[in-house]
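Contents: one structure, followed by commentary.
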Amino acid sequence: MASERVVGGLTCAEVLAHLGDFLDGELAPEVLTQVRAHVAGCGACERFGGAYAAAVTALRATEREAALDAEQIASIVASAASAASAAKAG
Amino acid sequence: MQGLEQASDHDLIALVARGDHAGFAAFAALVRRHGPSIRRLARALTDDVAADDVLQEAMVDAFRGAAGFRGEGSVRGWLFALARNRAVRHRASARRAEIPDTPLLQLGVEAGYGERPERAAERLEQRDALSVGLARLPPEEREILLLRDVEGLSGEEAAEVLGLALPAMKSRLHRARLRLMAALRETGGSDGE
Ligand SMILES: [Zn+2]
Chain A
2 MASERVVGGL TCAEVLAHLG DFLDGELAPE VLTQVRAHVA GCGACERFGG AYAAAVTALR
62 ATEREAALDA EQIASIVASA ASAASAAKAG
Chain B
6 MQGLEQASDH DLIALVARGD HAGFAAFAAL VRRHGPSIRR LARALTDDVA ADDVLQEAMV
66 DAFRGAAGFR GEGSVRGWLF ALARNRAVRH RASARRAEIP DTPLLQLGVE AGYGERPERA
126 AERLEQRDAL SVGLARLPPE EREILLLRDV EGLSGEEAAE VLGLALPAMK SRLHRARLRL
186 MAALRETGGS DGE
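Protein chains in written order, with the working numbering: chain A, 2 to 91; chain B, 6 to 198.
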């Protein structure tokens, strides 16, 4: 990694460290400007940032889990009921 | 009982805390609403077989603890935290591996920095690539990706569930994402050229 090269006031290593907050929209405005300037002038970071964003986008697009079936819900409610009556009896 | 499916989590918990008939109906509504996500977390931390037990135990814990729920955080985060506690007990015998403290730059290189990082993204177009990649991560990293990115908890919520300070949560999240990219690059065939 060209970690010492400075573009837009940041090294590639610094951009790597900021990538998570960059994608989550949590960078302070002045750092955000620097990261944008770096990525605009550094092909390696631009490509890497794109791949990172694609991975996070895929995670966020994960399908919702299938619903529990009625039997499983009934069984969980029954365990709670027996836990409750055991607590009353004890 | 009408309207339980529309009731807020906090209202449901308040009903559950009463412990009467309406409480059981509210509890069933909570199980229906959050059960799938809780089971997914449980599966990520244990395995398919233990996951249903973890789900059941965590929900019973929630039932018993409803009266003590203080209502400061989200109900969902609380349920995730209960499930984590139960999952840890199931894993107690299987020694948990420490997350290697790899330097960030090295993680970046392993994730493809400077060398076709697109490969990770290309893999994502293959069916099941994401779940195969996630399965290769240590449970702690799978867990944070699940909570923050898949389930969409806020940074603060995820930090609370995990018992981490916000900066530590962010750092673990970033590393887990990089490790996932590396895992995606490693999965699949040798068609990366
Ligand atoms: Zn760069």
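Cβ atoms here follow ideal geometry from the backbone N, Cα and C, with glycine treated the same way.
All values reported here derive from a predicted model rather than from experimental measurement.
- In the DSSP secondary-structure assignment, Leu11/A is bridged to Val8/A.
- Judged by DSSP in its simplified three-state form, Leu139/B adopts helix.
- Annotation: the continuous alpha helix (DSSP H) that includes Cys46/A extends over 44-61.
- Under the Cβ criterion (8 angstroms, minimum of three pairs), the segment 15-29 of chain B counts as touching the segment 66-76 of chain B.
- Contacts with chain B at 7 angstroms (Cβ-Cβ) include Thr63/A.
- In this model, Glu162/B and Gly78/B are separated by some 8 angstroms (Cα to Cα).
- Distances between the C-beta of Ala45/A and the heavy atoms of ligand 1 include at least one below 6 angstroms.
- Each residue's CA atom was taken as its position, placing Thr192/B and Met186/B some 10 angstroms apart.
- Collapsing the DSSP output to three states places Gly113/B in a helix.
- Using beta-carbon distances, Glu5/A does not count as an interface residue toward chain B, since no partner is under 7 angstroms.
- Val16/A has its CB nearer than 6 angstroms to a heavy atom of ligand 1.
- For Arg128/B, the enclosing alpha helix (DSSP H) stretches over residues 123-128.
- For Pro41/B, the enclosing alpha helix (DSSP H) begins and ends at 26-50.
- The C-beta distance from Ala63/B to Leu87/B rounds to 4 angstroms, short enough to fall under 8 angstroms.
- At a cut-off of 7 angstroms between beta-carbon atoms, Val59/B makes no contact with chain A.
- When the Cα atoms are used, Ala81/A and Leu17/B turn out to be separated by approximately 15 angstroms.
- Taking each of Ala56/A, Arg37/A, Val8/A, Ala29/A in turn and checking the Cα distance to Ala116/B, the smallest one comes out for Ala56/A.
- Unbroken alpha helix (DSSP H) runs of no fewer than 4 residues, entirely contained in the segment 71-102 of chain B, are found at 80-96, following chain order.
- For Leu150/B, the closest of Val8/A, Ala68/A, Ala62/A, Arg48/A by C-alpha to C-alpha distance is Ala62/A.
- Around the CB of Ser42/B, 16 or more other CB atoms lie within 10 Å, so the residue is classed as buried.
- The shortest CA-to-CA distance from Thr107/B to any of His95/B, Val54/B, Ser176/B, Thr51/B is the one to Ser176/B.
- Look at the beta carbons and you see the segment 3-13 of chain A touching the segment 37-47 of chain A: at least three pairs across the two are nearer than 8 angstroms.
- Here Ala71/A carries a helix assignment [DSSP, helix/strand/coil].
- Listed along the chain, the chain A residues whose CB falls inside 8 angstroms of the CB of Pro41/B are Arg65, Glu66, Ala67, Ala68, Leu69.
- Distance from the Cα of Glu145/B is smallest, within the candidate group Val114/B, Ala92/B, Asp14/B, for Ala92/B.
- Between Leu171/B and Gly157/B, the C-beta gap is not smaller than 7 angstroms, which leaves the two residues out of contact.
- The shortest C-alpha to C-alpha distance from Thr12/A to any of Cys43/A, Glu72/A, Ser76/A is the one to Cys43/A.
- Taking a beta-carbon distance threshold of 7 angstroms, Ala81/A counts as an interface residue toward chain B.
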